[in-house]
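*Asks:*
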Amino acid sequence: MTLAHDVTESIRIARVITRLNIGGPSRHVMTLTSALNDGRFRSRLICGIPTPNEGDLTAEARAGGYPLVQIRALRNDAGLIAALATMQTLYREFRTMRPHIVHLHQFKARFLGALAARAAGVPHVVQTYHGTLLQGYFLPPLATAVTLLERLLGRWLVHHTIAISPEVCRQLVERGMVDPHRITVIRLGLSLTPLLTPPESGDAFRREIDIPTDALLIGFVGRLAPIKGADLFLEAAEELIRTMERPVYAVIVGDGPERQHLEAQARRAAIDSRIIFTGWRRDLRAVYWGIDVLAVTSRSEGTPVVAMEAMAARRAVVATRVGGIPDIIQDGRTGLLIEPGNPQRLAAALQQVLEDVALRQRLGLAAQQSVYPAYDETTLCRAMREYYARLLEG
0 MTLAHDVTES IRIARVITRL NIGGPSRHVM TLTSALNDGR FRSRLICGIP
50 TPNEGDLTAE ARAGGYPLVQ IRALRNDAGL IAALATMQTL YREFRTMRPH
100 IVHLHQFKAR FLGALAARAA GVPHVVQTYH GTLLQGYFLP PLATAVTLLE
150 RLLGRWLVHH TIAISPEVCR QLVERGMVDP HRITVIRLGL SLTPLLTPPE
200 SGDAFRREID IPTDALLIGF VGRLAPIKGA DLFLEAAEEL IRTMERPVYA
250 VIVGDGPERQ HLEAQARRAA IDSRIIFTGW RRDLRAVYWG IDVLAVTSRS
300 EGTPVVAMEA MAARRAVVAT RVGGIPDIIQ DGRTGLLIEP GNPQRLAAAL
350 QQVLEDVALR QRLGLAAQQS VYPAYDETTL CRAMREYYAR LLEG
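Count the sequence shown with numbering that gives the first Met the number 0 and you get residues 0 to 393, in order.
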């Protein structure tokens, strides 16, 4: 039996994430840590070290002014000794802070954090699935091992699981990864309000990357890793560049281990003069309002933040039908969905939206109305406050 929490005492939350790389999970934990630091809640954010080319939001998190602990041994590319050191550091943090709730994000932090929290006697250990690792991430032998570890986590090591979309929840339950009685859906929440209107600078982004005024611009935003499918985006861009009457350009915003391969792919196809690689950028509002269509080409996904951000900016989105994407995009109403791994179908869908201005505007307006305010950060923070209160009420 869990005793009810003393309502006169602040609820202490230790939030642990593998690394604060540029991406949705990092924004998610930073938003919650900032919002849940008041008289009712006291939060601490614990994170590891991003790998090169992922982008690092640690400095931005520190500038937020809330408690941040960085564990240098907590890295995706670290080995067994670093994992043991991470568990020891987390155990000490939990024993010192005595959190009522430890909330875990990303696989390595979820697994090591759950072991440390259990050893420290934390009463409530929660994990959030931002997407599953069960499709497209690992080759079969390693995928089997990860599946077993995920099942151990979801059914034995953590007390509660949060899925960020109904589809992710369904997948976890169907595959036996979690106890169906201890999983809750709490949708993502983002800072969408600034994206609702175009920047005062107008088309400054297009001018900066030298896009002709009569050209169409398709965009990809995200980490340049195989799971995100930027290679498929380039194949579709090649088809559009060669076949459409109006000039088509493509911009890839982001960085990662696949960048050199993607740049070489563009050169081999002789389309590199129409492909712009910008690296990571902070001015995503200008990016979204500067492109005509966003493509989300992931082979596996949870709920892609870039899709929701672009939708808030009234952009039409063409996305693969994987993970939680169908939960945020209704095919033909708020965007277009295609099957993954099919660059020809991607090119056809992009061409359809590019050539039909009325369709593009209709999809963009419906997209904005569907994500705001449903996925705004205020909605997320309110839901999480209520969720934590229910846990502690026993």
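The beta-carbon is built from N, C-alpha and C at its ideal position, and this holds for glycine as well.
Just so you know, these numbers come straight off a predicted model, no measurement behind them.
1) Is ARG245 closer than 7 Å to LEU215 when the C-beta atoms are compared?
2) Quick check on HIS405: buried or exposed, where buried means 16 or more other Cβ atoms within 10 Å of its Cβ?
3) Which whole-angstrom value describes the C-beta separation of ALA113 and LEU156, a residue pair presumed to lie in contact below a C-beta threshold of 8 Å?
4) How big is the Cα-Cα spacing for HIS99 and ASP178?
5) Can you find the residues in the same chain that come closer than 7 Å, C-beta to C-beta, to LEU364, ignoring five residues on each side of it along the sequence?
6) From LEU44, ALA285, LEU191, ALA236, pick the residue whose C-alpha is nearest to that of ARG61; which is it?
7) Between the region 288-302 and the region 317-332, do at least 3 Cβ pairs fall closer than 8 Å?
8) What residue does the beta strand (DSSP E) around THR248 start on, and which one ends it?
9) From the DSSP output, in three-state form, read off LEU111 for me.
10) Go to GLN329, then tell me how far its beta strand (DSSP E) extends in each direction, as first and last residue.
11) Taking the alpha-carbon of GLY218 as reference, which of ARG181, TYR65, LEU171, ALA285 has the nearest alpha-carbon?
12) Please classify GLY253: is it buried, with 16 or more other beta-carbons within 10 angstroms of its beta-carbon, or exposed?
13) With contact counted as at least three CB pairs below 8 Å, one residue from each stretch, are the region 264-284 and the region 232-241 in contact?
14) If contacts are defined as beta-carbon pairs under 8 Å, then GLY54 and TRP279 qualify, I think. What distance do you get, rounded to the angstrom?
15) When burial is assigned at 16 or more other CB atoms within 10 Å of the CB, is ALA249 buried or exposed?
16) Beta-carbon within less than 7 Å of ARG117's beta-carbon, same chain only, minus the 5 sequence neighbours each way: which residues are those?
17) Count the other C-beta atoms from every protein chain shown that fall within 10 angstroms of the C-beta of GLU308, then say buried if there are 16 or more, exposed otherwise.
18) In this structure, what does DSSP give as the bridge partners for ASN20?
19) Take the Cβ of PRO24 as the centre, count every other Cβ of all protein chains shown within 10 Å, and call the residue buried at 16 or more, exposed below.
20) For GLN126, which beta-bridge partners are listed by DSSP?
21) Quick check on PRO193: buried or exposed, where buried means 16 or more other Cβ atoms within 10 Å of its Cβ?
22) Can you tell me whether ARG71 is buried or exposed? The criterion is at least 16 other CB atoms within 10 Å of its CB, across all chains shown.
23) Tell me the rounded alpha-carbon separation between MET0 and PRO122.
24) Based on DSSP bridge pairs, tell me the residues matched to SER42.
25) Is GLY334 helix, strand or coil by DSSP?
26) Taking Cβ to Cβ, would you say HIS104 is nearer than 7 Å to THR127?
27) Does DSSP put ALA224 in a helix, a strand or coil?
28) Over what stretch of residues does the beta strand (DSSP E) that includes ILE182 continue unbroken?
29) Can you tell me whether ILE80 is buried or exposed, with buried defined as 16 or more other CB within 10 angstroms of its CB?
30) Hey, would you say LEU349 sits closer than 7 Å to VAL316, going by beta carbons?
31) Who are the Cβ neighbours of GLY255 in its own chain at under 7 Å, not counting the five residues just before and after it?
32) Could you tell me whether the region 206-214 touches the region 180-198, where touching means 3 or more Cβ pairs closer than 8 Å?
33) State the Cα-Cα distance for the pair LEU148 and GLY228, rounded to the nearest angstrom.
34) Taking its Cβ as the centre, do 16 or more other Cβ atoms sit within 10 Å of GLY64, making it buried, or is it exposed?
35) Once DSSP output is grouped into helix, strand and coil, what is the label at LEU67?
36) Who are the Cβ neighbours of GLN351 in its own chain at under 8 Å, not counting the five residues just before and after it?
*Replies:* Inspection of the coordinates gives the following:
1) Taking the first residue of the sequence shown as 1, we reach residue 215 at position 216. Taking the first residue of the sequence shown as 1, we reach residue 245 at position 246. Contact flag set, yes.
2) Residue 405 is absent from the model: the chain starts at 0 and stops at 393.
3) Looking up residue 113 in the sequence shown gives position 114. Looking up residue 156 in the sequence shown gives position 157. ALA113 to LEU156, Cβ: 4 Å. Contact.
4) Within the sequence shown, numbered from 1, the residue matching residue 99 stands at position 100. Within the sequence shown, numbered from 1, the residue matching residue 178 stands at position 179. Their Cα atoms are separated by approximately 22 Å.
5) By one-based count along the sequence shown, residue 364 stands at place 365. Same-chain partners within the cutoff: ARG313.
6) Taking the first residue of the sequence shown as position 1, residue 61 is located at position 62. With distances taken between Cα atoms, ARG61 lies closest to LEU44.
7) Taking 8 Å as the limit for Cβ pairs, the verdict is that the region 317-332 does touch the region 288-302.
8) The residue given as residue 248 occupies position 249 in the sequence shown. Per the sequence shown, residue 248 should be read as Tyr rather than Thr. Where TYR248 is concerned, the enclosing beta strand (DSSP E) starts and stops at 247-252.
9) By one-based count along the sequence shown, residue 111 stands at place 112. Of the three classes helix, strand and coil, the one that applies to LEU111 here is helix, per DSSP.
10) Reading the sequence shown from its first residue, position 330 is the one you call residue 329. First-last for GLN329: undefined, no H or E at that position.
11) As a working mapping, residue 218 is identified with position 219 in the sequence shown. With distances taken between Cα atoms, GLY218 lies closest to ALA285.
12) Taking the sequence shown and counting its residues from 1, the one referred to as residue 253 is at position 254. Taking every protein chain shown into account, the CB of GLY253 has 16 or more other CB atoms within 10 angstroms, so this residue is buried.
13) At 8 Å Cβ cutoff, the stretches touch.
14) What you label residue 54 is simply residue 55 of the sequence shown in a count that begins at 1. What you label residue 279 is simply residue 280 of the sequence shown in a count that begins at 1. Cβ-Cβ separation between GLY54 and TRP279: approximately 4 Å, consistent with a contact (criterion under 8 Å).
15) For this step, residue 249 is matched to residue 250 along the sequence shown. ALA249 comes out buried.
16) Reading the sequence shown from its first residue, position 118 is the one you call residue 117. Hits under 7 Å: VAL124, LEU156.
17) The residue given as residue 308 occupies position 309 in the sequence shown. By the Cβ neighbour-count rule, GLU308 is buried, with 16 or more other Cβ atoms within 10 Å of its own.
18) Mapped onto the sequence shown, residue 20 falls at position 21. ASN20 is bridged by DSSP to ASP55.
19) The residue given as residue 24 occupies position 25 in the sequence shown. Result: buried.
20) For the purposes of this step, residue 126 is taken as the residue at position 127 of the sequence shown. GLN126 is bridged to LEU103, THR160.
21) Counted from its first residue, the sequence shown places residue 193 at position 194. Classification for PRO193: exposed.
22) Your numbering for residue 71 matches position 72 in the sequence shown. The residue in question, ARG71, is exposed, as its Cβ has fewer than 16 Cβ neighbours within 10 Å.
23) Here residue 0 is taken as the residue at index 1 of the sequence shown, counted from 1. Here residue 122 is taken as the residue at index 123 of the sequence shown, counted from 1. For MET0, the predicted model reports a pLDDT of 40, less than 50, meaning its position is unreliable; a value from the coordinates is still stated below. When rounded, the distance between both Cα atoms is 11 Å.
24) Here residue 42 refers to the residue found at position 43 when the sequence shown is read from its first residue. Paired residues: ILE12.
25) For the purposes of this step, residue 334 is taken as the residue at position 335 of the sequence shown. Three-state result, GLY334: strand.
26) Position 105 of the sequence shown, counted from the first residue, corresponds to residue 104. Position 128 of the sequence shown, counted from the first residue, corresponds to residue 127. Contact: yes.
27) The residue you call residue 224 lines up with position 225 of the sequence shown. Note: ALA224 maps to coil in three-state DSSP.
28) The residue you call residue 182 lines up with position 183 of the sequence shown. Per DSSP, ILE182 belongs to the beta strand (DSSP E) from 182-184.
29) As a first step, residue 80 is located in the sequence shown; it is residue number 81 there, counting from the start. Looking at its Cβ environment, which holds fewer than 16 other Cβ atoms inside 10 Å, ILE80 is exposed.
30) Within the sequence shown, residue 349 is the residue found at index 350, counting from 1. Within the sequence shown, residue 316 is the residue found at index 317, counting from 1. Between LEU349 and VAL316, the C-beta gap is not smaller than 7 Å, which leaves the two residues out of contact.
31) Mapped onto the sequence shown, residue 255 falls at position 256. Excluding residues up to 5 positions away in sequence, ASN52, GLU53, ARG222, LEU223, ALA224 lie with their Cβ nearer than 7 Å to the Cβ of GLY255 in the same chain.
32) As far as the Cβ criterion goes, the region 206-214 does not touch the region 180-198, which means the pair count is below three.
33) What you label residue 148 is simply residue 149 of the sequence shown in a count that begins at 1. What you label residue 228 is simply residue 229 of the sequence shown in a count that begins at 1. One alpha carbon belongs to LEU148, the other to GLY228, and they sit about 26 Å apart.
34) Position 65 of the sequence shown, counting from 1, holds the residue named residue 64. Counting every other CB atom within 10 Å of its CB across the protein chains shown gives GLY64 a total below 16, marking it as exposed.
35) Residue numbering aside, residue 67 sits at position 68 when the sequence shown is read from its first letter. Of the three classes helix, strand and coil, the one that applies to LEU67 here is strand, per DSSP.
36) Residue numbering aside, residue 351 sits at position 352 when the sequence shown is read from its first letter. Excluding residues within five positions, the ones whose Cβ falls inside 8 Å are LEU335, LEU358.
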